[in-house]
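Below: the structure, in structure tokens.
In the working numbering, the protein residues as written are 1287 to 1572.
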């Protein structure tokens, strides 16, 4: 709706969620949630949103997600919603890649729950902390930043395990996958890495670009495994060349093929095995 005097679009309150959160509609007619201290205080539906109080506007990818978000934030302290939004903004700026907006639901809920558990002295360890630090290094650093931000703004020192948990939520949003799939993918990457390390009896430089590419390759391999997809095998010359040039790495990749088949019931194609052998060669060379 436009202001007849200024010609500017004016957001009208469609629903008051609490004193600090209201819902309205943007210029495209999509429902959005507006957050700001006191933005809903003494307000009424149909009134113009006080733009001076607006701190954050949330846009989610479906009406179902929007309804879930409104249900979530209705009883949350505004500080918990704010800190989550700041962490997500920081993650977007660092990663510089698309992040599923539903992370506003999952991460806000997680952080609120973690803070409640902290008050009740019910903190839990994260058994995947080492894997997260190794496989999702950038996301783990975001988790550490989040822990520092929570300490600075809320005066709560969450354990370092929470950095890994926050990182997993960011990973979920990056790859648009549910938490269960992300945990399964992380475990699969760990199992494949162990096969390579044990076969060659080597230590891997986890800070190298080759290792980062190796992990990225395994992520996509794991996603194909859990979605039942396969890489098309239409280049037998490439497969034969890799087997001849890197025979040890090729044998190692075949061991991974057996592991994947036995544990996950997924038969890797020869082309997938060839690309894996190539990545194994790179981390060995490094």
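Glycine included, C-beta positions come from ideal geometry on N, C-alpha and C.
Computed from a predicted structure; not experimentally measured.
Which of the three DSSP states is assigned to residue i in this structure?
i, result
"residue 1317", "strand"
"residue 1355", "helix"
"residue 1434", "helix"
"residue 1557", "helix"
"residue 1327", "coil"
"residue 1342", "strand"
"residue 1347", "coil"
"residue 1579", "Residue 1579 is absent from the model: the chain starts at 1287 and stops at 1572."
"residue 1458", "helix"
"residue 1537", "helix"
"residue 1293", "Summary for residue 1293: the model assigns pLDDT 43, below 50, so the residue's position carries little reliability, and this model does not support an answer."
"residue 1446", "coil"
"residue 1631", "No answer is possible for residue 1631: it lies beyond the span of the chain, which begins at 1287 and ends at 1572."
"residue 1360", "coil"
"residue 1548", "helix"
"residue 1522", "helix"
"residue 1411", "coil"
"residue 1543", "helix"
"residue 1573", "Nothing about residue 1573 can be read from this structure; the chain reaches only from 1287 to 1572."
"residue 1532", "coil"
"residue 1441", "coil"
"residue 1429", "helix"
Which one or two residues does DSSP pair with residue i in a beta bridge?
i, result
"residue 1304", "1307"
"residue 1334", "1298"
I think residue i touches residue j, with their Cβ atoms under 8 Å apart; what is that distance to the nearest whole Å?
i, j, result
"residue 1397", "residue 1359", "Wrong, their Cβ atoms sit about 12 Å apart, outside the cutoff."
"residue 1308", "residue 1326", "5 Å"
"residue 1538", "residue 1446", "Not really, about 33 Å apart at Cβ, beyond 8 Å."
"residue 1570", "residue 1488", "7 Å"
"residue 1465", "residue 1473", "Between residue 1473 and residue 1465 the Cβ distance is about 13 Å, and since that is not below 8 Å, they are no contact."
"residue 1306", "residue 1364", "4 Å"
"residue 1393", "residue 1452", "7 Å"
With a threshold of 7 Å on Cβ separation, who are the neighbours of residue i within its own chain once the five nearest residues in sequence on each side are excluded?
i, result
"residue 1355", "1319, 1344, 1346, 1390 and 1391"
"residue 1378", "1385"
"residue 1467", "1512"
"residue 1543", "1554 and 1559"
"residue 1567", "1532 and 1535"
"residue 1442", "1401, 1404 and 1436"
"residue 1376", "1428 and 1431"
"residue 1501", "1421 and 1475"
"residue 1547", "1553"
"residue 1504", "1475 and 1478"
Skipping 5 residues on each side, what residues in its chain have a beta carbon closer than 6 Å to that of residue i?
i, result
"residue 1331", "1299"
"residue 1550", "1511"
"residue 1349", "none"
"residue 1471", "1508"
"residue 1424", "none"
"residue 1516", "1555"
"residue 1297", "1310 and 1335"
"residue 1368", "none"
"residue 1454", "1468"
Excluding sequence positions up to five away, which residues of its chain have a Cβ less than 8 Å from the Cβ of residue i?
i, result
"residue 1450", "1412, 1414, 1415, 1418, 1419, 1426 and 1429"
"residue 1361", "1304"
"residue 1410", "1403 and 1447"
"residue 1541", "1481 and 1485"
Quiz item: What are the uninterrupted segments assigned as alpha helix (DSSP H) that are 4 or more residues long and contained completely in the region 1363 to 1394, given in chain order?
Solution: 1364 to 1381
Quiz prompt | Length-filtered (4 minimum) alpha helix (DSSP H) runs lying within the region 1455 to 1520 | solution = 1465 to 1486 and 1495 to 1513
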